[in-house]
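Enquirer:
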Amino acid sequence: MASSEIAARRLCAQGISCSSSTVHDAVSRILALQAQERPSSLWAIGLRSLGSTVADVERAVTSGTIVRTWLMRGTLHFTAAEDVRWLIQLVAERVISRSRRRDEELGLDGRTYGRSRDVLTKALDSKGSLTRGEMMDALEKRSITTTGQRGYHILWHLALTGTICFGPMIGREPSFVLLDDWVPASKGITREEALGELAWRYFSGHGPASARDLMWWSGLPMGEVREGIETASSRLIEEVHDDTTYFSAPSRAGTNGGSNVILLPAFDEYIIGYKERSALLDREHTKDVLSSNGIFYPVLAINGRARGTWRGKRSKKGVVIEVSPFSRLTSSEIDSLERVVACYGAFLDVPVSTSFRNTEGA
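Going by the numbering used here, the first residue of the sequence shown is number 160, and it counts up by one from there.
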């Protein structure tokens, strides 16, 4: 199994070269999709749902069929509504336990979190949804200080303990809602069942991938990762490449050519979803794609490999896509890029154009 095959199969498993028909299906397919940069995550979903627009994704958010909240590794993700509760129950305890020192630094304890929960639950019961600023105001009015990252950490904690999640947009701002009001209650599953479901869904939506990849992505210890793989083993394909065992779903074991040029948004699952990225990224370009403080930049991918970075600059006339290739693009690659840029413009419903920030695109 060559690196090119790993890349091609991951593109299909993730729904990039084998797109889903709806926004909900695209998110459900990958289980959870990185979403700390909200505009980038909307395109990550659009990239995986055939013919969708940003308005379609926003409708899925407003209807509650997909939900944005803090999950794996304590970072923001979109996930299907039916998956929110069991994922929180599976990953939150470990994430919260790792934040105890930060709690002490911020002067946050169980009593403060309890008071904050009561205050915000009452406020959301009254209003239905509130912006972050309104949430902070509600806390400050009850003498709960929100400065110095305290407010952010309170919201983070309440989301990971299943009290709140993000809701619809209020103007240009995301709002918060009560999870119990926004996401219908569902039948609980055991931790063993949840670990098996995690393994199955991760490998079917990211595979071929390794146990170390799943450990990185989920933030769970290797012992639980192996337990999940064992539980899901009857449904998974197991292959060995360069002394590493890879897992994937049988229905997605084949390759698919798909589009050979892709504009991946910042923090896209195709890059961030794996601990080992050599099948996708040359070591010499790691710093071009990933900053020293953990920022994953938008990537131009060609045939499954990172070949450059890009950014969108808004103007009164639309959006200019500025591309910085790592090496010279061929004329056919530039033609394909122009078609992909047009698709991005259709997703945003704005005029788009392309420019190159160096001579490699010429």
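All residues carry an ideal CB built from backbone N, CA and C; glycine is no exception.
What are the complete beta strand (DSSP E) segments, minimum 3 residues, inside the segment 438 to 517?
Expert: Scanning the segment 438 to 517 for uninterrupted beta strand (DSSP E) segments of 3 residues or longer gives 458 to 461, 464 to 474, 477 to 484 and 511 to 515, listed from N- to C-terminal end.
Enquirer: Which one or two residues does DSSP pair with tyrosine 405 in a beta bridge?
Expert: Numbered from its first residue, the sequence shown carries residue 405 at position 246. For tyrosine 405, which the question treats as bridged, DSSP gives the partners Glu398.
Enquirer: By the DSSP assignment, the beta strand (DSSP E) with glutamate 332 in it spans what residues?
Expert: Residue numbering aside, residue 332 sits at position 173 when the sequence shown is read from its first letter. Segment 332 to 337, the beta strand (DSSP E) holding glutamate 332.
Enquirer: Roughly how many angstroms separate the alpha carbons of arginine 253 and tyrosine 405, rounded to a whole number?
Expert: On the sequence shown, residue 253 is found 94 positions in, with the first residue counted as 1. On the sequence shown, residue 405 is found 246 positions in, with the first residue counted as 1. About 26 angstroms.
Enquirer: Pull the bridge partners of valine 420 from the DSSP assignment, please.
Expert: Position 261 of the sequence shown, counted from the first residue, corresponds to residue 420. Answer is Ile461.
Enquirer: May I have the straight-line CA-CA distance separating glutamate 241 from leucine 488, to the nearest angstrom?
Expert: As a working mapping, residue 241 is identified with position 82 in the sequence shown. As a working mapping, residue 488 is identified with position 329 in the sequence shown. The alpha-carbon atoms of glutamate 241 and leucine 488 are separated by roughly 43 angstroms.
Enquirer: Quick check: the Cα distance between threonine 271 and serine 302, rounded to an integer number of angstroms?
Expert: Within the sequence shown, residue 271 is the residue found at index 112, counting from 1. Within the sequence shown, residue 302 is the residue found at index 143, counting from 1. Taking the straight line from one Cα to the other gives about 10 angstroms.
Enquirer: Mind checking which residues open and close the alpha helix (DSSP H) that includes glutamine 248?
Expert: Counting from one through the sequence shown, the residue named residue 248 turns up at place 89. Element bounds for glutamine 248: 243 to 256.
Enquirer: Could you check the C-alpha separation between isoleucine 165 and proline 367 for me, to the nearest Å?
Expert: By one-based count along the sequence shown, residue 165 stands at place 6. By one-based count along the sequence shown, residue 367 stands at place 208. Spanning the two alpha carbons is a distance of roughly 6 angstroms.
Enquirer: Cα separation between glycine 382 and glycine 364?
Expert: The count along the sequence shown starts at 1 and reaches residue 382 at position 223. The count along the sequence shown starts at 1 and reaches residue 364 at position 205. Roughly 21 angstroms separates the two Cα atoms.
Enquirer: Beta carbon of valine 420, beta carbon of leucine 395: below 9 angstroms?
Expert: Against the sequence shown, residue 420 aligns to sequence position 261. Against the sequence shown, residue 395 aligns to sequence position 236. No, the pair does not count as a contact, with Cβ atoms beyond the cut-off.
Enquirer: Between which residues of its own chain and tryptophan 245 is the CB-CB distance below 8 angstroms, once the five residues before and five after are set aside?
Expert: Here residue 245 is taken as the residue at index 86 of the sequence shown, counted from 1. Once the five neighbours on either side are set aside, the close Cβ partners of tryptophan 245 are Ser345, Gly347, Ile348, Ala353 and Glu356.
Enquirer: What span of residues does the beta strand (DSSP E) with methionine 160 cover, start to end?
Expert: Looking up residue 160 in the sequence shown gives position 1. First-last for methionine 160: undefined, no H or E at that position.
Enquirer: Which whole runs of the beta strand (DSSP E) in the segment 327 to 389 are 3 residues long or more, in chain order?
Expert: 332 to 337
Enquirer: When DSSP labels each residue in this structure, what does threonine 306 get in the three-state scheme?
Expert: Mapped onto the sequence shown, residue 306 falls at position 147. Here threonine 306 sits in coil by DSSP.
Enquirer: Return the CA-CA distance between valine 216 and valine 226, expressed in angstroms with no decimal places.
Expert: Indexing the sequence shown from 1 puts residue 216 at position 57. Indexing the sequence shown from 1 puts residue 226 at position 67. Across the structure, valine 216 and valine 226 are spaced so that their CA atoms are roughly 11 angstroms apart.
Enquirer: Exposed or buried, what is arginine 169 when buried is set at 16 or more other beta-carbons lying within 10 Å of its beta-carbon?
Expert: By 1-based counting over the sequence shown, the position of residue 169 is 10. Classification for arginine 169: buried.
Enquirer: Kindly indicate which residue of Leu267, Thr320, Asp340 and Gln248 has the alpha-carbon position closest to the one of lysine 147.
Expert: Since the first residue of the chain shown is 160 and the last is 521, residue 147 is not available in this structure.
Enquirer: Thinking C-beta only, is leucine 265 closer than 9 angstroms to valine 278?
Expert: Reading the sequence shown from its first residue, position 119 is the one you call residue 278. Reading the sequence shown from its first residue, position 106 is the one you call residue 265. Taking 9 angstroms as the cut-off, the beta carbon of valine 278 is found no closer than this to the beta carbon of leucine 265.
Enquirer: So isoleucine 225 is in the beta strand (DSSP E); what residue range does that whole segment cover?
Expert: Within the sequence shown, residue 225 is the residue found at index 66, counting from 1. Residues 225 to 229.
Enquirer: With three or more C-beta pairs closer than 8 angstroms as the rule, is the segment 454 to 471 touching the segment 423 to 430?
Expert: yes
Enquirer: Could you give the DSSP three-state label for isoleucine 430: helix, strand or coil?
Expert: Within the sequence shown, the letter at position 271 stands for residue 430. Residue state, collapsed to three classes: helix.
Enquirer: Does the beta-carbon of arginine 188 have 16 or more other beta-carbons within 10 angstroms, so that it is buried, or is it exposed?
Expert: If you number the sequence shown from 1, residue 188 lands on position 29. By the 10 Å Cβ count, arginine 188 comes out buried.
Enquirer: For serine 316, collect the residues of the same chain with a Cβ closer than 6 angstroms to its Cβ; drop the 5 residues on either side in sequence, then sort them by chain order.
Expert: Here residue 316 refers to the residue found at position 157 when the sequence shown is read from its first residue. Note that residue 316 is histidine in the sequence shown, not serine. Taken in chain order, the residues that qualify are Tyr272.
Enquirer: Measuring alpha carbon to alpha carbon, tell me which residue in Gly310, Asp262 and Gly378 is nearest alanine 358.
Expert: Within the sequence shown, numbered from 1, the residue matching residue 358 stands at position 199. Out of Gly310, Asp262 and Gly378, Gly378 has the C-alpha closest to the C-alpha of alanine 358.
Enquirer: Quick check: the Cα distance between serine 512 and alanine 194, rounded to an integer number of angstroms?
Expert: Here residue 512 refers to the residue found at position 353 of the sequence shown. Here residue 194 refers to the residue found at position 35 of the sequence shown. If you take the alpha carbons of serine 512 and alanine 194, they lie about 26 angstroms apart.
Enquirer: What residue range does the beta strand (DSSP E) around threonine 238 cover?
Expert: Sequence index remark: in the sequence shown, residue 238 carries index 79 (1-based). Note, threonine 238: beta strand (DSSP E), 235 to 239.
Enquirer: Taking C-beta to C-beta, are arginine 466 and serine 486 nearer than 9 angstroms?
Expert: The residue labelled residue 466 in the question sits at position 307 within the sequence shown. The residue labelled residue 486 in the question sits at position 327 within the sequence shown. Yes, the pair counts as a contact, with Cβ atoms nearer than the cut-off.
Enquirer: Between glycine 416 and cysteine 171, what straight-line distance do the alpha-carbon atoms span, to the nearest angstrom?
Expert: Residue numbering aside, residue 416 sits at position 257 when the sequence shown is read from its first letter. Residue numbering aside, residue 171 sits at position 12 when the sequence shown is read from its first letter. Confidence at glycine 416 is low in this model, with a pLDDT of 49, below 50, so the placement of that residue is unreliable and no value is reported for it.
Enquirer: Would you kindly work out how many angstroms separate the C-alpha atoms of alanine 112 and aspartate 508, rounded to a whole number?
Expert: Absent from the model: residue 112. The displayed extent of the chain is 160 to 521, so no value can be given.
Enquirer: With 16 other CB atoms within 10 Å as the buried threshold, where does aspartate 372 fall?
Expert: Here the question's residue 372 lines up with position 213 in the sequence shown. Flag for aspartate 372 reads buried.
Enquirer: Given a cut-off of 9 angstroms on the beta-carbon distance, is the pair tryptophan 376 and glycine 432 in contact?
Expert: Locating residue 376 in the sequence shown gives position 217, counting from the first residue. Locating residue 432 in the sequence shown gives position 273, counting from the first residue. The answer is yes: Cβ separation under 9 angstroms.
Enquirer: Taking the beta carbon of tryptophan 229 as the centre, do at least 16 other beta carbons fall within 10 Å, making it buried, or is it exposed?
Expert: Counting from one through the sequence shown, the residue named residue 229 turns up at place 70. By the neighbour-count rule (16 or more Cβ atoms within 10 Å), tryptophan 229 is buried.
Enquirer: Among Val399, Met374 and Phe362, whose alpha-carbon lies nearest the alpha-carbon of serine 407?
Expert: Looking up residue 407 in the sequence shown gives position 248. Of Val399, Met374 and Phe362, the residue nearest in Cα terms is Phe362.
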